[in-house]
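Numbering (the numbering used here), first residue to last: 842 to 1417.
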């Protein structure tokens, strides 16, 4: 400030300048070399708690910054975080040492950047922490693992955790309960972790757990076992008792990989082994799993290519009246021709097709094959036989797919011939199947069949709420039914209720004369499906020898079960 310029300033002008300084939106203070405040404007008084509006924050860090600026004689720019209990105020402050009228002074100007810092913190948390659970993101745990790999001083474990049947939980209870479950689950998973361990949520229902350091595989196994046991207790969420389990795959450094991605992939492979073999357990990676994973990738590539090249074919298995041997209907069973022309049963590809999002296209391919061969089908099985097509529960809960499928059935010109087979969880899940999707098919005259009844979420009370035309009792209840009194009791209960509700009962997997004799003598069941009557018949076989009379159609139903039985054993499964 030029003293000569303002030496003649009037008292009014000086007062005007003083008011401007007092009312500046930025906080302004002036202090001497001893730290005594000579000037504090209103904004600075509010920021530093000197106006009595709030308790004064801790100013010790600010005083230290001022002292350093004065002693160095250089400007200092700092971010000051002033805490008042849980509240935080962040100031961007410039401390400027000056010499005026022979005195060493420090002018400090502060701007409030609290909102900006809160926004930056929010961006940081969204980039590095999961919004729902507050857990670190994948990039954080990857950075932590890479730092351990760079030091190469200690062994550590990386566990891949996946919540079992999470989609069913979401469908049944709703997404709000599903989200709350993930929060509670993350709390249980994070219990008893050391400061050096880290739990991360990397996607919807998938977590990564890094345990470091570790001494042995046995130590990790014991810890994971106690963690899984902790998850067996129910979760009480929104007045619901929710049960959830988690499948865990574990890889160890350096035994199972020397990079984060390799360790993650191997833990993922081990987790899939658990998913396929029982769920709710933990397994360590081994070399055999890698071979399985490579085989899975090969199947995946073949599956994509087969759909592209339309190398799928249909086999048809009849549903037979066990009293008259007449064919009531047929079920279309999809099969895959591999690269060498060998027919593959669906157990090798159908679940993978669902995981890869290819199942919708596969279902449409089955329908197209049926339409193309409808004359041959009619000549063989009769023009009145219903034609069943399997629809996965995931598809049944997808209105977009089901609308497209209903339209495709209508465009065949004979939609009333079709029966859609869905598993019972399609009805039980809260996906409005009955209220929104089922009416579309009812309007077309398409029948609804409950497939594999008795193996999913079924109960007799649930059955009473289901609107369906047909119930297919799972083969696990039919096998050796003549020897199993408990299964006989279950069968009678299902039969009685389905009869009261006007649903046709189909016994699946009938394979022996003794099973047939029991059904004929001890039940009112009229229809069955299985190898006793006929194995699945391929279109090529129909073309070679097409029956033309009702007697010939009956002979198709009563074909011996031993014929061409190879490759369709009970263990491997023969349907869908």
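Glycine residues also receive a C-beta, built at the ideal position from the N, C-alpha and C atoms.
*Measure the C-alpha to C-alpha separation of residue 943 and residue 863 and round it to an integer number of angstroms.*
The count along the chain shown starts at 1 and reaches residue 943 at position 102. The count along the chain shown starts at 1 and reaches residue 863 at position 22. Roughly 24 Å separates the two Cα atoms.
*What number of angstroms, rounded off, separates the C-alpha of residue 1232 from the C-alpha of residue 1262?*
Position 391 of the chain shown, counted from the first residue, corresponds to residue 1232. Position 421 of the chain shown, counted from the first residue, corresponds to residue 1262. Each residue's alpha carbon lies about 6 Å from the other.
*asked:* At the level of alpha carbons, what is the spacing between residue 1118 and residue 1242?
replied: For the purposes of this step, residue 1118 is identified with residue 277 of the chain shown, where counting begins at 1. For the purposes of this step, residue 1242 is identified with residue 401 of the chain shown, where counting begins at 1. Spanning the two alpha carbons is a distance of roughly 30 Å.
*Please classify residue 873: does DSSP put it in a helix, a strand, or coil?*
Position 32 of the chain shown holds residue 873. Three-state DSSP puts residue 873 in a strand.
*asked:* Using 7 Å as the threshold, is the C-beta distance between residue 858 and residue 870 below it?
replied: Working through the chain shown from its first residue, we reach residue 858 at position 17. Working through the chain shown from its first residue, we reach residue 870 at position 29. Result no, Cβ atoms of residue 858 and residue 870 do not sit closer than 7 Å.
_Residue range of the beta strand (DSSP E) that includes residue 1339_ = Taking the first residue of the chain shown as position 1, residue 1339 is located at position 498. Counting along the chain, residue 1339 falls outside any beta strand (DSSP E), though it belongs to the alpha helix (DSSP H) covering 1326-1341.
*For residue 1120, decide whether its Cβ has a neighbour in chain B, counting only Cβ atoms nearer than 7 Å.*
The displayed structure is made up of one protein chain only, and chain B is not part of it.
*For residue 912, name the three-state secondary structure that DSSP assigns.*
The count along the chain shown starts at 1 and reaches residue 912 at position 71. The answer is helix: DSSP assigns residue 912 an H, G or I state.
*Would you call residue 861 buried or exposed, if buried means 16 or more other Cβ atoms sit within 10 Å of its Cβ?*
For this step, residue 861 is matched to residue 20 along the chain shown. Exposed, by the Cβ-count rule.
_Residue ranges of each beta strand (DSSP E) within the stretch 980-1040, 3 or longer_ = Fully enclosed beta strand (DSSP E) runs of 3 or longer: 997-1004.
*Give me the Cα-Cα distance between residue 797 and residue 1282, rounded to the nearest whole angstrom.*
Given that the chain is displayed from residue 842 to residue 1417, the structure contains no residue 797 and the question cannot be resolved.
*Take the Cβ of residue 1412 as the centre, count every other Cβ of all protein chains shown within 10 Å, and call the residue buried at 16 or more, exposed below.*
Residue numbering aside, residue 1412 sits at position 571 when the chain shown is read from its first letter. Below a pLDDT of 50, predicted positions are generally treated as unreliable, and residue 1412, at 30, falls in that range; no measurement from the model is reported.
*Meets three-Cβ-pair contact criterion under 8 Å: the stretch 1001-1019 and the stretch 1045-1059*: yes
*According to DSSP, residues forming a beta bridge with residue 1155*: Along the chain shown, read from residue 1 onward, the residue named residue 1155 stands at position 314. Residue 1155 is bridged to 1175.
*Residues near residue 883 by beta carbon distance below 6 Å, same chain, minus five either side*: One-based indexing of the chain shown puts residue 883 at position 42. These residues qualify, in order along the chain: 863.
*Mind checking which residues open and close the alpha helix (DSSP H) that includes residue 891?*
As a position in the chain shown, residue 891 is number 50, starting the count at 1. DSSP places residue 891 outside any alpha helix (DSSP H), giving it a letter other than H or E.
_Enclosing beta strand (DSSP E) for residue 1147 [first to last residue]_ = As a first step, residue 1147 must be located in the chain shown, where it is residue number 306. No beta strand (DSSP E) contains residue 1147, which is instead part of the alpha helix (DSSP H) from 1128-1150.
*Would the stretch 972-980 and the stretch 929-949 be scored as touching if the rule is three or more Cβ pairs under 8 Å?*
no
*Delimiting residues of the beta strand (DSSP E) encompassing residue 1203*: The residue labelled residue 1203 in the question sits at position 362 within the chain shown. No beta strand (DSSP E) contains residue 1203, which is instead part of the alpha helix (DSSP H) from 1200-1213.
*Touch test, the stretch 1346-1361 against the stretch 1317-1334, Cβ-Cβ under 8 Å, three pairs minimum*: As far as the Cβ criterion goes, the stretch 1346-1361 touches the stretch 1317-1334, which means the pair count is three or higher.
_Below 8 Å, how does it come out for the stretch 1019-1039 and the stretch 1066-1076: are there three or more Cβ pairs, yes or no?_
yes
*Among 951, 993 and 1211, which one has its Cα closest to the Cα of residue 1096?*
Residue mapping note: residue 1096 aligns to position 255 of the chain shown, counting from 1. Of 951, 993 and 1211, the residue nearest in Cα terms is 993.
*Counting along the chain, where does the alpha helix (DSSP H) carrying residue 957 start and finish?*
Reading the chain shown from its first residue, position 116 is the one you call residue 957. It spans 955-969 - the alpha helix (DSSP H) in which residue 957 sits, taken as one unbroken run.
*asked:* Less than 8 Å between C-beta atoms, sequence neighbours within five positions excluded: which residues of the same chain meet that for residue 1054?
replied: Residue 1054 sits at position 213 when you count from the first residue of the chain shown. Cβ within range, chain order: 995, 996, 997 and 1037.
*Coil, strand or helix - residue 1292 by DSSP*: Taking the first residue of the chain shown as 1, we reach residue 1292 at position 451. DSSP places residue 1292 in strand when its eight states are reduced to three.
*asked:* Check whether the stretch 1053-1067 and the stretch 951-968 touch, using three or more Cβ-Cβ pairs below 8 Å as the test.
replied: no
*How many Å lie between residue 1381 and residue 1246 at the Cα?*
By 1-based counting over the chain shown, the position of residue 1381 is 540. By 1-based counting over the chain shown, the position of residue 1246 is 405. Straight-line Cα distance between these residues: approximately 26 Å.
*Give a yes or no on whether the C-beta atoms belonging to residue 1147 and residue 1177 are separated by under 7 Å.*
Taking the first residue of the chain shown as 1, we reach residue 1147 at position 306. Taking the first residue of the chain shown as 1, we reach residue 1177 at position 336. Result yes, Cβ atoms of residue 1147 and residue 1177 sit closer than 7 Å.
*Are the stretch 1121-1133 and the stretch 1143-1158 in contact at 8 Å, needing three or more beta carbon pairs?*
No: fewer than three Cβ pairs fall under 8 Å.
_Per-residue burial, residue 967 [other beta carbons within 10 Å of its own, 16 or more giving buried]_ = If you number the chain shown from 1, residue 967 lands on position 126. So residue 967 counts as exposed.
*Taking the DSSP output, what are the residues bridged to residue 1348?*
The count along the chain shown starts at 1 and reaches residue 1348 at position 507. In the DSSP output, where bridge partners are listed per residue, residue 1348 has 1314 and 1369.
*Going by DSSP, name the residue or residues bridged to residue 930.*
In the chain shown, counting from the first residue as 1, residue 930 sits at position 89. DSSP output for residue 930 lists 923 as bridge partner(s).
*Taking just the CA atoms, how far does residue 1278 sit from residue 1244?*
If you number the chain shown from 1, residue 1244 lands on position 403. If you number the chain shown from 1, residue 1278 lands on position 437. When rounded, the distance between both Cα atoms is 8 Å.
*asked:* Check this for me: beta carbons of residue 923 and residue 930, under 7 Å apart or not?
replied: Position 82 of the chain shown holds residue 923. Position 89 of the chain shown holds residue 930. Contact flag set, yes.
*Rounded separation between residue 872 and residue 946 - CA only*: Walking along the chain shown from the start, residue 872 turns up at place 31. Walking along the chain shown from the start, residue 946 turns up at place 105. For residue 872 and residue 946, the gap between their C-alpha atoms comes out near 6 Å.
*Quickly, what does DSSP pair residue 1087 with across the bridge? List them, please.*
Along the chain shown, read from residue 1 onward, the residue named residue 1087 stands at position 246. Assignment of beta-bridge partners to residue 1087 by DSSP yields 1004.
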